[in-house]
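Encoded as structure tokens, the structure appears first; notes follow it.
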Amino acid sequence: MISPVQIIEESDSEITINWSDGSETTYNAPALRRACPCAGCIDEWTGKKILKDDEIADDIAFKQIAVVGRYALNFQFTDGHDTGIFSFAFLAGLSKKPQ
Numbered sequence: 010m011i012s013p014v015q016i017i018e019e020s021d022s023e024i025t026i027n028w029s030d031g032s033e034t035t036y037n038a039p040a041l042r043r044a045c046p047c048a049g050c051i052d053e054w055t056g057k058k059i060l061k062d063d064e065i066a067d068d069i070a071f072k073q074i075a076v077v078g079r080y081a082l083n084f085q086f087t088d089g090h091d092t093g094i095f096s097f098a099f100l101a102g103l104s105k106k107p108q
């Protein structure tokens with residue numbers, strides 16, 4: 010399974026993850042906020058996205074970033090949202106999706 014080797018906070022709105030397979034992915038705060046996998050953003054029964062992308066400001070930033078165990082990151086965003094647990098597998102999957 011792919012895992013992060015290094016997590017770099019580039020700015021208050023961008024992080025870069027260097028992965029164990031040698032790849033590198035840069036994520037921005039608005040895209041991660043729009044992809045939040047928490048139950049408030051995704052219906053936990055249907056998996057359908059509840060959050061509307063246009064509800065998230067393009068200038069949203071990270072207020073705080075925390076490692077969760079050895080498997081995930083938690084982001085506190087400047088809009089106050091902080092309940093998403095972004096597993097490394099989830100983040101790696103996001104990096105493979107076309108933007």
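In my numbering, each residue's number is its place in the sequence shown (first place is 1) plus 9. Note that beta-carbon positions come from the ideal geometry of N, C-alpha and C, so glycine has one too.
Determine, using beta carbons only, whether residue i and residue j come nearer to each other than 8 Å.
i	j	result
residue 60	residue 50	yes
residue 87	residue 70	yes
residue 97	residue 75	no
residue 39	residue 11	no
residue 29	residue 14	yes
Which of the three DSSP states, helix, strand or coil, is assigned to residue i?
i	result
residue 105	helix
residue 41	helix
residue 4	There is simply no residue 4 to check, as the chain begins at 10 and stops at 108 in what is shown.
Give every residue of the same chain whose Cβ lies closer than 6 Å to the Cβ of residue i, excluding the five residues on either side of it in the sequence, and list them in chain order.
i	result
residue 45	93
If I'm right that residue i touches residue j with Cβ under 8 Å, what's the distance once you round it to whole angstroms?
i	j	result
residue 35	residue 23	6 Å
Could you name the residues of the same chain whose beta carbon sits closer than 7 Å to that of residue i, not counting the 5 residues immediately before and after it, in chain order?
i	result
residue 16	24, 26
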